[in-house]
Every structure is written in structure tokens, then in C-alpha cells.
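Taking it in order: structure first as C-alpha cells, then the write-up.
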Amino acid sequence: MLKKALLVLTVAALAATPLAGPATAGGGRDVGREILGPNDGWGSAEGGVTGGSAATRENVFVVRNRNELAAAVAGTQPKIVIVAGRFNANVDENGQPLGCADYAADGYDFDAYVRTYDPAVWTGAPTGPLETARLASNANQGKRVKITVGSNTTLIGRPGAAITGAQIDIESAENVIVRHLTLRDAYTCFPGWNGDAWKTEWDNLVVSRSRHVWIDHVTINDGDSPDAAEPIVFGQHLLRHDGLLDIVRGSDLVTVSWSRFTGHDKSLLWGNGDTATGDIGKLRITMHHSELTNLVQRGPRVRFGQVHVYNNLYRSTADSGFLYSWGVGVQSKLYAENNAFRLDRTFPASQIITAFGGTAIHATGTLLNGRPVDALAEYNAVHDPDLSSDVGWTPTLHTRIDPTWRVPALVQANAGAR
């Protein structure tokens, strides 16, 4: 079995087409060789982000399917991986499509799972053979949909490039760039019930235990499988998606720029545990000139980190289920500057911020539906205890901070994958 797996990996690696010319993702620029500019957020600190810009010609690849992608992004050598076209990560080693039934382990039965763990007859988190089978099934899917990106990588899409069903995993890596790419529908086949809510596994993009990462001009969403269309089980919609972009487990020095996040519930989780004290001094993240449309919550939710959020556009319609945008978590130091909100009138300004054990947020230059609003004062007017405006730091690593009135037009015209 091992010999067969190694053979498949070798064939996949050879199948990824080496690129003889410039690493272009479209147009005349050699986009694959571009690096994060000076002062462009936290990612530019301490040496910045160069990704695979130093790749030799034999380490520049064009990939057109899941198996080519997984082989090309592995390892720590400088490399440029260009995604061409659109493909789904739910395929076998031969590129044949896989459905949820193909991942299901012996003993897994969703209907039996629901009957067994119905809160009317079961209290607490599930245990026993059905839960064991669900976990095994979930692990089977994970082996295919998780694509681990190694250090010194630039992953970039040509115009129209899109990956469906994958979790792009920047795990324990250094110096990674992801640009000009659409990531959608990281669909969990085997959601689990924890006693009071449905939980899922896969995020579209995860930065975990990694440093020096630049995420630019990406578009991330749930594709054609919104959770709102799922059946209601135990009084809740069955959940198929976890996060859009998680930055967690001590990751540090990350810039997110000119990106688009749409139509999702728990969207941007930056810091994943209140007791993760090892995150103190890390989770330094900048997000700017990005569009966040119809996100229910977490835009972002922050723990511990010094996070600068500026010149972003937030939009929520009446049917979006909007709860909040800026989540003030434990020891978070969120500095929000010159952001524009276009919210349905049913959502008050006091809803922009929500506290989750944090004590402070700096929020200035905010426009709500074209009018200046003090988001912190609005929050404090209806919540106790008050949040402070003193987060203990002032960002110095940033590009031009545009006046807020310019943000909607700038962001709508330029954010997201091209």
C-alpha cells in the first residue's frame, strides 16, 4: 500500500506542468514573483513575506486538479504553484469524484445518529459506536480535502481559478503567499452534534502555527451549498461549513488584503481558545481593503492578538442574520480604522461590536450607511460593562489609509480574485 501511495504521489508531482516562462497569473506581470511590499501590515514585519519568489524554473508549476496541487505545494523549497481552471478536492488518487458515501466508515448511519443522539433521549456530547464511526468517516474525508502548504510557497490563481471543497492548510509553515484565488464550499459530509449545536470540521483556508503569511485578492464563500438551505435537525439548520479564514494556534505576522468574504456564518476566527495563553504576543494580523458581505458573525473575532482592521467594507442585507462584525475576545487588541458599513436598517450601530471576554477596542473613522458613527460609544450605550478604547498600541505598519467615504467604491471595484 505504501509503495502504491508513493507511486501515485510521484506521478501526480510529474503531472503538474512545469512553467517555462514567467509565473504569470494573467496579464503581463510576473505575479508569481511578487512579494509583500514594505509596511504592508503585520506580514511585512521582521523580514516580510517573499513566498516562492526565489523558485528555480523547475519549481514553478501549473496545476489543474487536486492531486497535482497537493504534490506541488508540499515541501519547503521555494516554489510557485499556479492554479489553472476550476476543480474539486473531493477526488480519489486517480482523480475520480468522491461523494459522502465514499468516505463513510463501516457503521456510520446518519439517520441512526440522529435517533440516538436526539436531545430528548441523550444528554451531553455523543459517545459510542455511531460517534466513533462518524469520526472515522470525517477523517476519511479529511485525507482528501486537506491540502497542506509548505514553507516558501506562492500559491496563485490564473483568472477564474477556483478550488471547491478543499481546506487549504498553512500548517507549521513560514513565508507563504496565497493570491488571486477563489476558495469555496469546504463542505463537511459528517457534521457532529455536541449536545447543544452542530459542529463541522473544514475551513476554506487555515493558517495554523505559521508565520509570515500574505493572503491577497482571494474570494472565499460557501459556493452553492449554503447552510441556510440545509434541513433543520434538533431545532437548527444542519451545519456543513466551519470557517472561511481561521488564523490560529500561535500564528503570527499575517497580512490579509483586497479580499472578499461572502455569505457565511462563523467567518474569520483569529485565535481559537480563551485559554491558549501561548498566543500572547502572537496573532499579529492586518486586514485591509477587503469586502465582507452577509457574514453573520466574526468579521473578525479576535483573541490575544494586535489586529489592525482598516479600510474594509461590511455589507449585510435584512435576511443575512447579521449578529456582529468585530468580536472582542480575551486579551484582544483590535484597532479598527476607517471602515465602512452598509447595513440594513434593522441592524443598529450597537451591533457592530460584541464582547467575548475582551475589555477594549479602538474604533474610529467608521461610517454606517454613509454617516459617521462611534461604534464603541454605541456599543457601550446598551451594554455593561463598558469597553475601553485603549488597546495599548497604535499601528505603524500600514499602507495608505484611505478616507472612509472612498472605501465602498475602492473595495467593490478591486477586492477579490480577478
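In mature numbering (1 follows the signal peptide of the UniProt record, and there is no 0), the protein residues as written are -25 to -1, 1 to 393. Cβ atoms here follow ideal geometry from the backbone N, Cα and C, with glycine treated the same way.
The alpha carbon of residue 38 has as its nearest neighbour, out of 323, 58, 74, 101, the alpha carbon of 58. Counting only runs of at least 3 residues, the segment 273 to 300 fully encloses the following beta strand (DSSP E) elements, listed from N- to C-terminal order: 281 to 285, 288 to 291. Cβ neighbours of residue 148 within its own chain (closer than 7 Å, five residues either side excluded): 124, 125, 126, 185.
Burial check for residue 131: the Cβ neighbour count within 10 Å reaches 16 or more, so the residue is buried. Taken atom to atom, the span from the alpha-carbon of residue 22 to that of residue 98 is near 51 Å.
For residue 228, the enclosing beta strand (DSSP E) has its first and last residue at 227 to 232.
Taking every protein chain shown into account, the CB of residue 250 has fewer than 16 other CB atoms within 10 angstroms, so this residue is exposed. For residue 373 against residue 261, the beta-carbon gap comes to about 7 Å, under 8 Å, which counts as contact.
For residue 264, the closest C-alpha among the options 248, 92, 337, 376 is that of 376. Contact between residue 242 and residue 272 holds: their C-beta atoms lie close to 7 Å from each other, under 8 Å. When DSSP assignments are scanned along the segment 73 to 139, the uninterrupted stretches of beta strand (DSSP E) that are 3 or more residues long and fall wholly within it turn out to be 121 to 123, 128 to 132, 137 to 139. For residue 354, the enclosing alpha helix (DSSP H) starts and ends at 350 to 357. For residue 155, the number of other beta carbons within 10 angstroms of its own is at least 16, and it is reported as buried.
For residue 170, the three-state secondary structure derived from DSSP is coil. Measuring C-alpha to C-alpha distances from residue 299 to each of 324, 320, 283 identifies 324 as the nearest. Here the C-alpha atom of residue 163 lies approximately 15 Å from the C-alpha atom of residue 80. One thing to note: residue 335 has its Cβ within 7 Å of the Cβ of residue 362. Using a Cβ distance threshold of 7 Å, residue 233 and residue 389 count as a contacting pair.
Contiguous beta strand (DSSP E) elements confined to the segment 170 to 212 occur at 180 to 183, 186 to 196, taking only those with 3 or more residues. In the DSSP assignment, residue 390 falls outside any beta strand (DSSP E) and carries neither an H nor an E.
Judged by DSSP in its simplified three-state form, residue 265 adopts coil rather than helix or strand.
A straight line joining the alpha-carbon of residue 157 with that of residue 237 spans about 11 Å. Selection 248, 10, 20 evaluated against residue 228 yields 20 as nearest (Cα-Cα).
Residue 343 is bridged by DSSP to 316, 346.
Bounds of the beta strand (DSSP E) holding residue 156 are 149 to 159.
Between the alpha carbons of residue 175 and residue 329 lies a gap of roughly 23 Å. Rounded to whole angstroms, the separation of the alpha carbons of residue 47 and residue 33 is 11 Å. Residue range 235 to 241 is occupied by the beta strand (DSSP E) that includes residue 235.
Annotated as distal: residue 337 and residue 357, with beta-carbon spacing of 7 Å or more. Per the C-alpha coordinates, the member of 182, 216, 207, 211 positioned closest to residue 198 is 216. Nearest neighbour of residue 370 by Cα position, chosen from 387, 378, 310, turns out to be 310. Counting of Cβ neighbours within 10 angstroms places residue 281 among the buried residues, the total reaching 16 or more. Remark: C-beta atoms of residue 196 and residue 223 do not approach each other more closely than 7 Å. The C-beta separation of residue 348 from residue 288 comes to about 15 Å, leaving the pair out of contact by the 8 Å criterion.
For residue 56, DSSP records a beta bridge to 36, 130. Rounded to whole angstroms, residue 111 and residue 304 show a C-alpha spacing of 33 Å.
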